[in-house]
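Order-wise, the sequence lines are chains W and V. Using our numbering, the letters of the first sequence map in sequence onto residues 1 to 384. Using our numbering, the letters of the second sequence map in sequence onto residues 385 to 725. Inspection log for the structure reproduced underneath, given as structure tokens.
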Amino acid sequence: MTARALRQPLSLRLASGGFLGLWCLIAAFPIFWITVMSLKAPIDAFSPNPLHVIFGPETVARGQGWSILDMLLGAGVLYATARIAMHWLPLAVRTWTPPGFAALGWLLGSAVLGVGFVVAFFGVLPAVTEVLNPLAGPLGRDVVGATTEHYRTVWIDRGFANNFKNSLIVTTGVVTVSLTVGTLAGYALARAGTALAFWILIAALVFRALPHSVLVAGYLPVFINSAEWLSPILGENAPTLYGKPWAVIAVLVAINQPFTIWMLRSFFQNIPADLDEAARVDGCSHFEAFRRVIMPVMWPGVITTGLFSFLLAYNDFLVTSLLLDASNQTMVPAIAGMFNRETTTTDQVVAVAAAVSITAPLFLLVMVFQRQIVAGLTAGAVKG
Amino acid sequence: MKFRTFAAFVAPSVVMMLLFIAFPLVSVLVQSFFVTQPVYDTVEVETCTPGFLGQICTTEEKSVPRRDENGRIVEVTRFVGLESYRNVIEPDRFWAAVKAHSWAAVQAIDFWKALRFTLMFTLVTLPLVVGLGLAIALAINNAAQAVRGPVIFVSLLPFIITPVIGALSINWLFRGDGILTAALEWWLQRDIAMFAQAWTIETLMVLYRVWHVAPFAAIVFYAGLQTVNQDSLESALIDGASRWQRLRFIVIPHLMPLIVFVAIIHLMDTYRVFEEIVGFSSQGHVISLQWLTYDYLKPDQAGNRSISRASASAMLTMIGIVIILIPLLRRTWRDHRRARA
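Pasting the structure below:
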């Protein structure tokens, strides 16, 4: 009875579907559009005519573009890579890695796949299409303008590779340290129902709301003069904390800590306390029970929390732009420097290419970890 | 769990939070009452320029920063009380403007300009985010099982994107003759400059923020929709409740705790609005409280950072956070006491 009574009239279903389609369009459009823009010559990229932006006549006129053959082969390489990543990679990792080294195997496998993709896509593919295009007649003629010169400018001439390296250092540091510190605290907070635990959680909640600029206003004078006040302890080689990536890592870990312990605590609460009691009866200390019994079943929660720590560190602008000097700058503040001195449209398209370069890893992240991200978003919420 | 074990587990996290959150807070509070400045000496400088029949010499008084034996500039820190706060709020100018009934004059003072925008932004985006999030969640819940995954994937993109980059990408669609500005011009048949006045920029910022946060609200609400009690829905149906009544009296009350959760998170995050100002480079027209502190912290042309002024504006920003948090803390405290009783 219910199924039929709950069935919706066609108009409602159409409206709901249409609204969802519209939302998806709005959600994806800006990201799709800047990706298209980054591949075009400046005149095309900032043309008021959308068709010019998509097909890039000016870019084709410069002799830079993709023919139908190029696009087919490119799509083929992309599809093959996706296929290998989905099917062969898990299989290969499972068969080749010795037990206990699964994470290392995944890392190595993904690295090999990544390098293989770059070689195939940017090395072999252009060489192959260069030979084939003249032979293919109309299929080999450029139809869509596309150029990678802006990406070359960003990554090679503007030294974005260095910023990428810095981002990598900062994010890796933040994720590792905040997970190590956070799992310990999250476990204890989930298991102890004392008033002290409650007050720590409340303090963390208050800390989470603080504007980051307030904290940075506290760090800056201390960090800049750190060589002076550290010298009584560390002597001659007391470091200036200002501009050091590891100082920023410590700061971001601390800023992220309230969120991390709240999230990990709610994941730990899902693991029945009987499990550690059983381990304790078998003679484990609290720490052993945590390490040998609880952690192995906590991986999904740890991965989810790690993703959010990564996002915080990767997306941060305020802390990194104020506390790092130019040579240690991460990607996001670096792009702000780029579009602020924009003078020509070429500079702007270069900034667009930089923006797409920053977004691409996040795109991959959502693709691989969609389920974990959704779990993380709802973890704190559904339990109230 | 014994207290010793608990302390050992929690210590690293608590130490980090004390060292990098609680301690800076105290030091900001202290800094806001002090000013550190170089010591200036007034010296008479005689400059001579060669002229016809001898030199023309002028003596003028210049203030030069005093240097110690190593050649470093000597700085003194002195207690100034509330002067930094006065410099940020500019009460004299503010009262003069209020007495003159001039809204424009009030808005000419940075702090009040930032305060107005921050409050407006927080209050306007909140209902939009909750409303759009709820609509998306209902639509996803209504869609066929097969399309839900891809739709959630696409919906996550605006949420996951770096805020500065997200704001920039919207900016590029509208900047100058960007295609959306071109489309608007074609539709309204008039010339439009989106970045020439404050209200258009503010509208774009609100749109950007709603685009950025609505997916979060939608996914939280979608998860909540999975646990709606089917029995109550069925009995409501038998009682003849219309679709709208079922939504209004069963689904929304069920989602209420989640709506409160999203609203609180959103208030905390929006009150810190900052990346939009950077992404839209709108500091000429629109600024926010957190941007004001950031601006004081950035070295100016002479390389000086106005730390004490930044501390004062940071402490003023804190007042708003405290106001937002009070109802939340009171509720948690009540729940906690009830749980222990």
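Don't be surprised by glycine CBs; every beta carbon is placed ideally from N, CA and C.
Apart from the five residues on each side of it in sequence, which residues of its chain come closer than 6 Å, Cβ to Cβ, to residue i?
{"i": "V/V423", "result": "R450, V458 and V460"}
{"i": "W/S47", "result": "V53"}
{"i": "V/M589", "result": "E660"}
{"i": "W/A247", "result": "L241"}
Taking Cβ to Cβ, would you say residue i is nearer than 8 Å to residue j?
{"i": "V/V448", "j": "V/V427", "result": "yes"}
{"i": "W/L201", "j": "W/W262", "result": "yes"}
{"i": "W/G65", "j": "W/V124", "result": "no"}
{"i": "W/V93", "j": "W/A102", "result": "yes"}
{"i": "V/I636", "j": "V/S616", "result": "no"}
{"i": "W/P258", "j": "W/L184", "result": "no"}
{"i": "W/G140", "j": "W/L69", "result": "yes"}
{"i": "V/V670", "j": "V/F501", "result": "yes"}
{"i": "W/T304", "j": "W/G235", "result": "no"}
{"i": "V/S539", "j": "V/P599", "result": "yes"}
{"i": "V/S553", "j": "W/I34", "result": "yes"}
{"i": "V/N525", "j": "V/Y469", "result": "no"}
{"i": "V/T701", "j": "W/V77", "result": "no"}
{"i": "W/V175", "j": "W/F310", "result": "yes"}
{"i": "V/A530", "j": "V/A602", "result": "no"}
{"i": "W/L89", "j": "W/G116", "result": "no"}
{"i": "W/A209", "j": "V/I708", "result": "yes"}
{"i": "W/A313", "j": "V/L541", "result": "no"}
{"i": "W/A355", "j": "V/I544", "result": "no"}
Where does residue i sit, in a helix, a strand or coil, going by DSSP?
{"i": "V/S690", "result": "coil"}
{"i": "V/T587", "result": "helix"}
{"i": "W/K383", "result": "Residue placement at W/K383 is flagged as unreliable, the pLDDT there being 47, under the threshold of 50; the coordinate-derived value follows with that caveat. Note: W/K383 maps to coil in three-state DSSP."}
{"i": "W/I34", "result": "helix"}
{"i": "W/G159", "result": "coil"}
{"i": "V/G438", "result": "strand"}
{"i": "W/K40", "result": "coil"}
{"i": "W/P9", "result": "coil"}
{"i": "V/I457", "result": "strand"}
{"i": "W/H52", "result": "helix"}
{"i": "V/K483", "result": "helix"}
{"i": "W/T95", "result": "helix"}
At a Cβ threshold of 8 Å, is residue i touching chain W?
{"i": "V/P475", "result": "no"}
{"i": "V/M702", "result": "yes"}
{"i": "V/F393", "result": "yes"}
{"i": "V/R450", "result": "no"}
{"i": "V/F390", "result": "yes"}
{"i": "V/W479", "result": "no"}
{"i": "V/W595", "result": "yes"}
{"i": "V/A698", "result": "yes"}
Quick one: residues in its chain with C-beta nearer than 7 Å to the C-beta of residue i, no 5 flanking neighbours on either side, listed in chain order?
{"i": "W/A212", "result": "Strictly speaking, residue 212 of chain W in this sequence is His, with Ala absent from that position. Excluding residues within five positions, the ones whose Cβ falls inside 7 Å are I255, L318 and V319."}
{"i": "V/L557", "result": "I563 and L564"}
{"i": "V/I622", "result": "none"}
{"i": "W/P134", "result": "G140"}
Should residue i be flagged as near chain V, meaning a C-beta pair shorter than 8 Å?
{"i": "W/Y187", "result": "yes"}
{"i": "W/P48", "result": "yes"}
{"i": "W/L113", "result": "no"}
{"i": "W/G384", "result": "Because W/G384 carries a pLDDT of 40, less than 50, the predicted location of this residue cannot be relied on, and the following value inherits that uncertainty. At least one chain V Cβ lies under 8 Å of W/G384."}
{"i": "W/I358", "result": "yes"}
{"i": "W/S110", "result": "no"}
{"i": "W/W246", "result": "no"}
Does the beta carbon of residue i fall short of 7 Å from some heavy atom of the ligand ADP?
{"i": "W/T194", "result": "No copy of the ligand ADP appears in this structure; indeed no ligand is present at all."}
Starting from the C-beta of residue i, find all residues in its chain whose C-beta is less than 8 Å away, skip the five residues before and the five after it, and write them out in chain order.
{"i": "W/T344", "result": "P42"}
{"i": "V/D416", "result": "Reading the sequence as shown, one finds Ser at residue 416 of chain V and not Asp. Only S468, Y469, S692, S695, A696, A698 and M699 meet the Cβ criterion."}
{"i": "V/H720", "result": "none"}
{"i": "W/I84", "result": "L113"}
Compare the C-beta of residue i with all C-beta atoms of chain B and state if any pair is closer than 8 Å.
{"i": "W/T378", "result": "Protein chains W and V are contained in the structure displayed, whereas chain B is not."}
Chain W contacts made by the segment 538-557 of chain V, where a contact means CB separation under 7 Å: Under the 7 Å Cβ criterion, the segment 538-557 of chain V contributes V538, S539, L540, L541, P542, I544, I545, T546, P547, V548, I549, L552, S553, I554, W556 and L557.
Proximal residues, the segment 314-330 of chain W versus chain V, C-beta separation under 8 Å: Answer set for the segment 314-330 of chain W: Y314, N315, F317, L318 and L322.
Near-chain V residues of the segment 263-290 of chain W - C-beta to any C-beta below 7 Å: Cβ contacts with chain V come from H286.
Where the segment 612-628 of chain V meets chain W: residues whose CB sits under 7 Å from a CB there: Answer in chain order: E618 and L621.
Residues in the segment 683-696 of chain V having any Cβ partner in chain W nearer than 7 Å: Taking 7 Å as the Cβ-Cβ cut-off against chain W, the residues of the segment 683-696 of chain V that qualify are R689, I691, A694 and S695.
Interfacial residues, the segment 487-501 of chain V to chain W, with Cβ spacing under 7 Å: From the segment 487-501 of chain V, no residue has a Cβ closer than 7 Å to chain W.
Residues of the segment 200-217 of chain W with Cβ closer than 8 Å to any Cβ of chain V, in chain order: Taking a C-beta cut-off of 8 Å against chain V, the contacting residues of the segment 200-217 of chain W are I200, I202, A203, A204, L205, V206, F207, R208, A209, L210, P211, H212, S213, V214, L215, V216 and A217, listed in chain order.
Members of the segment 665-677 of chain V that neighbour chain W once the beta carbon cut-off is set at 9 Å: Within the segment 665-677 of chain V, the residues whose Cβ lies closer than 9 Å to some Cβ of chain W are S665, L673, Q674, W675, L676 and T677, listed in chain order.
Where the segment 643-663 of chain V meets chain W: residues whose CB sits under 7 Å from a CB there: Within the segment 643-663 of chain V, F645, M652, R656, F658, E659 and V662 place their CB atoms closer than 7 Å to a CB of chain W, listed in sequence order.
The segment 219-230 of chain W: positions lying closer than 9 Å to chain V by Cβ: In summary, the residues of the segment 219-230 of chain W whose CB is separated from some CB of chain V by less than 9 Å are Y219, L220, P221, V222 and I224, in the order they occur in the chain.
Chain-ordered residues of the segment 61-80 of chain W with a beta carbon less than 7 Å from chain V: Along the segment 61-80 of chain W, there is no position whose C-beta sits under 7 Å from a C-beta of chain V.
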